[in-house]
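Asker:
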Amino acid sequence: MRALELNGVSVYYGAVRGVEDVDLYVDEGEIVALLGANGAGKSTLLKAISGIIHPRHGSIAFFGDNFGKLSAHRRVIQGLVHVPEGRRIFTTLTIGENLELGAYGTQRNRTERARRLNEVLGLFPLLQQHFQRLAGTLSGGEQQVLAIGRAMMSNPRVLMIDEPSLGLDPQKVDIVYDMLEEVAKLGTTVLLVEQNVSLALEIASRAYVLQQGSVVLSGPSASLVDDSRLSDAYLGKSADDHD
Ligand code: ATP
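So for the sequence shown, my numbering puts the first residue at 20; every next one is plus one.
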């Protein structure tokens, strides 16, 4: 089943092109990576899927239903969560409080929220261990773990995450990536934006490469690893530069 399907999606900021005519799909249970240099349009695409901004053209379907102009909040209720770049956790609240906030809006009552909290703490012991700590005292890697844990509180069908490895040392990156694999094993589909190409291709089954707002390359990760067009996209070369 298609968890996400984008057809001809174009997003503009006034006259500035964010993305143009993007076709993309993610099947249920897959981890798919969205790659590309700074400004290629990766965050724009995630924002369009989560409903923070609306495309000028094209359609976005979630498990077969067209999102149309559905609000970001309703998309969360339908099972789509977005962990934005920079994590946006509440530094003056404890880990426990941050997690509880992740369930508001989707878990209707206190009992459901408490049950979900126990499930998430069971999955990610690091969060249990530091439950009472203020989130602002956590390291960058721990904050990323918290941001993913908070997203999982709404029991999402699809998790979108923007640059989870940004600013983390390699050991912490491993912890975060193990966590994403765990999330996928539990049946949550993952759409991952990542600057670290080799890392993303290790975990993703397929990837899309954006350049200046357009998809210039896509396919199974194994076939992209050695594809020179992938590095070209980062270096700003276009397909026309090849003969
Ligand atoms: P990065 O890795 O730097 O976040 P990205 O691939 O996520 O890059 P986007 O942030 O989606 O790229 O940007 C795509 C294009 O849209 C760029 O040309 C950018 O300058 C432009 N853009 C992004 N956000 C805005 C905005 N709020 N207003 C105007 N233009 C924007």
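We put the beta carbon where it would ideally sit given N, CA and C, even for glycine.
In this text, all values refer to a predicted model and were calculated from it rather than measured experimentally.
What are the boundary residues of the alpha helix (DSSP H) that residue 199 is part of?
Answerer: Translated into the one-based positions of the sequence shown, residue 199 becomes position 180. 189-204 is the span of the alpha helix (DSSP H), which, as asked, contains residue 199.
Asker: Go ahead and pull the three-state DSSP assignment for residue 247.
Answerer: Mapped onto the sequence shown, residue 247 falls at position 228. DSSP places residue 247 in helix when its eight states are reduced to three.
Asker: Work out the CA separation of residue 163 and residue 106 for me, nearest whole Å.
Answerer: As a first step, residue 106 must be located in the sequence shown, where it is residue number 87. As a first step, residue 163 must be located in the sequence shown, where it is residue number 144. The straight-line gap from Cα to Cα measures roughly 6 Å.
Asker: Measure the C-alpha to C-alpha separation of residue 262 and residue 66 and round it to an integer number of angstroms.
Answerer: Counted from its first residue, the sequence shown places residue 262 at position 243. Counted from its first residue, the sequence shown places residue 66 at position 47. Here the model assigns residue 262 a pLDDT of 44, short of 50, so the residue's position is not dependable, and the following value carries that caveat. Cα to Cα, residue 262 sits roughly 36 Å from residue 66.
Asker: So, under 8 Å CB-CB, residue 109 and residue 120 are touching, yes? Tell me the CB distance rounded to an integer number of Å.
Answerer: Here residue 109 refers to the residue found at position 90 of the sequence shown. Here residue 120 refers to the residue found at position 101 of the sequence shown. At roughly 7 Å, the Cβ-Cβ gap stays under 8 Å, so residue 109 and residue 120 are in contact.
Asker: CB of residue 63 to nearest heavy atom of the ligand ATP: below 6 Å?
Answerer: The count along the sequence shown starts at 1 and reaches residue 63 at position 44. Yes - the ligand ATP has a heavy atom lying nearer than 6 Å to the Cβ of residue 63.
Asker: Compute every distance between the C-beta of residue 28 and the non-hydrogen atoms of the ligand ATP, then say whether any falls below 6 Å.
Answerer: For this step, residue 28 is matched to residue 9 along the sequence shown. False, no ligand heavy atom lies under 6 Å from that Cβ.
Asker: Going by beta-carbon coordinates alone, are residue 38 and residue 70 separated by less than 7 Å?
Answerer: Looking up residue 38 in the sequence shown gives position 19. Looking up residue 70 in the sequence shown gives position 51. Contact: no.
Asker: So for residue 25, helix, strand or coil by DSSP?
Answerer: Start at 1 with the first residue of the sequence shown, and residue 25 comes out as number 6. Correct three-state label for residue 25: strand.
Asker: Would you say the beta carbon of residue 244 comes nearer than 6 Å to a heavy atom of the ligand ATP?
Answerer: By 1-based counting over the sequence shown, the position of residue 244 is 225. No, the ligand ATP has no heavy atom inside 6 Å of this Cβ.
Asker: Under a three-way DSSP split, which group does residue 186 fall into?
Answerer: Against the sequence shown, residue 186 aligns to sequence position 167. Coil at residue 186, not helix or strand.
Asker: Among 203, 252, 125 and 241, which has the Cα closest to the Cα of residue 49?
Answerer: Counting from 1 along the sequence shown, the entry for residue 49 is found at position 30. Ranking 203, 252, 125 and 241 by Cα distance to residue 49 puts 203 first.
Asker: If we count the other Cβ atoms within 10 Å of its Cβ and call it buried at 16 or more, is residue 96 buried or exposed?
Answerer: The count along the sequence shown starts at 1 and reaches residue 96 at position 77. Looking at its Cβ environment, which holds fewer than 16 other Cβ atoms inside 10 Å, residue 96 is exposed.
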